[in-house]
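The structure appears right after this line, and notes come after that.
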Amino acid sequence: MSAKVVVVGSLNMDLVTRSPRIPLPGETIIGSNFYTLPGGKGANQAVAAARLGACASMVGRVGQDAFGRPLLANLDNNGVDHTYVSQDPEAATGVALITVDDAGENTIVLASGANMHFSPAHVDAAASAIAAAEVLLLQLEIPLETVTRAAEVAQAHGVRVILNPAPAPAEPLPAELLSRVNILIPNETETSLLTGLSVEDRPQAEVAAAALREVGVETVILTLGARGALLAQASESILIPAFKITPVDTTAAGDAFVAGFGTALAEGKSLPEAIRWGNAVGALAATRLGAQPSLPARLEVEQLLAEPNDLSFERGV
Ligand code: RIB
Numbered sequence: 064m065s066a067k068v069v070v071v072g073s074l075n076m077d078l079v080t081r082s083p084r085i086p087l088p089g090e091t092i093i094g095s096n097f098y099t100l101p102g103g104k105g106a107n108q109a110v111a112a113a114r115l116g117a118c119a120s121m122v123g124r125v126g127q128d129a130f131g132r133p134l135l136a137n138l139d140n141n142g143v144d145h146t147y148v149s150q151d152p153e154a155a156t157g158v159a160l161i162t163v164d165d166a167g168e169n170t171i172v173l174a175s176g177a178n179m180h181f182s183p184a185h186v187d188a189a190a191s192a193i194a195a196a197e198v199l200l201l202q203l204e205i206p207l208e209t210v211t212r213a214a215e216v217a218q219a220h221g222v223r224v225i226l227n228p229a230p231a232p233a234e235p236l237p238a239e240l241l242s243r244v245n246i247l248i249p250n251e252t253e254t255s256l257l258t259g260l261s262v263e264d265r266p267q268a269e270v271a272a273a274a275l276r277e278v279g280v281e282t283v284i285l286t287l288g289a290r291g292a293l294l295a296q297a298s299e300s301i302l303i304p305a306f307k308i309t310p311v312d313t314t315a316a317g318d319a320f321v322a323g324f325g326t327a328l329a330e331g332k333s334l335p336e337a338i339r340w341g342n343a344v345g346a347l348a349a350t351r352l353g354a355q356p357s358l359p360a361r362l363e364v365e366q367l368l369a370e371p372n373d374l375s376f377e378r379g380v
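One point on numbering: in our numbering, the residue at position 265 of the sequence shown is 328, and numbering is uninterrupted.
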């Protein structure tokens, strides 16, 4: 039977332009192609999990408009259950304005719309779906109180809670939320924002991970881009190297990592093995344009994992 993964989070339509470089403030530059693609950190994670074979459910909110309908249809096409994606009669569907440069880096500006009208009461309506899951995936493109409520429902039912604190908030994350999170997965930027510390090398990453663990999360996984991912627990820390790729577009690579990791964990894999899955799913997503169009099928991930790579884990104390 497939592992059950529930995602409580955002759905956006991504309006993407390719550009030779990211423009400076006040500058107009000539880009190339324009794409309208399904995105949103929450929906990206749900679609990624479904493509890996999970029984994936999305809980969120869209508008009753020209972007909301195709986003729901896209979830259908990917086999993601959206019983608990409600439709707001007034707010517009979330939109992300994305610029991707020739190096594959991006900038994203989000108009949250209906995502910010997603309330704790909507989570309560989906409690039975959350309770039936092996893991719950959370991010921060919806109101913090809604994220906290979802974590509370999951914790009450013994469901593992994975929080990807993206985008990182200006304020520290509330203890009420962190006390309900089993695994926190920030990237380098989010780690620096959450801790005030730099994450430029492994010793710095270890210190930052320890600082995050001190606020009450048992397991922290720092995603370090091309350097891989650092698993930090009370007993030890392990750096699991990244797969070497040439990035085309890193949009949703972090979402792909979280979904790959969460799905593997839901299937019963160990933390280091689940991180290898996350690394593989994230790497493949970065080799293709767009958020959801870039998310790989399970077979591609299995093939990458089977390739000879020097992926021995580096252990620390
Ligand atoms: O993580 C990538 C996502 O961030 C995009 O799909 C965009 O919608 C924003 O939410």
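For each residue, glycine too, the CB sits at the ideal point set by N, CA and C.
| query | result |
| --- | --- |
| Measure the alpha-carbon distance for residue 380 versus residue 93 and round it to whole angstroms. | Confidence is the limiting factor: at residue 380 the pLDDT is only 37, short of 50, which leaves the residue's position unreliable, though a coordinate-based value still follows. Going by the C-alpha atoms only, they are around 50 Å apart. |
| Is it right to say residue 373 is buried, meaning 16 or more other beta carbons lie within 10 angstroms of its own, or is it exposed? | Its pLDDT being 49, under 50, residue 373 is placed unreliably by the model, and nothing is read from it. |
| Measuring straight from C-alpha to C-alpha, what distance separates residue 191 and residue 85? | 44 Å |
| Label residue 202 either buried or exposed according to how many other C-beta atoms from any shown protein chain fall within 10 Å of its C-beta, with 16 as the threshold for buried. | buried |
| Run through DSSP, which three-state label would residue 264 get? | coil |
| With a CB to CB cut of under 7 Å and the five nearest residues on each side skipped, what residues in its chain are close to residue 253? | 228, 229, 231 |
| By Cβ distance, which residues of its chain are closer than 6 Å to residue 98, with the 5 residues on each side in sequence left out? | 79 |
| Here's a check: name, in chain order, each residue in its chain whose Cβ is nearer than 6 Å to the Cβ of residue 285, leaving out the five neighbours to either side. | 254, 268, 272, 293 |
| Report yes if the CB atom of residue 337 is closer than 8 Å to the CB atom of residue 324, and no otherwise. | yes |
| Is residue 109 buried or exposed, if buried means 16 or more other CB atoms sit within 10 Å of its CB? | buried |
| Would residue 151 and residue 126 qualify as a contact pair, given that the criterion is a beta-carbon distance under 8 Å? | yes |
| Mapping DSSP to helix, strand and coil, what is residue 162? | strand |
| Verify the contact flag: residue 112, CB atom, against every heavy atom of ligand 1, threshold strictly below 7 Å. | no |
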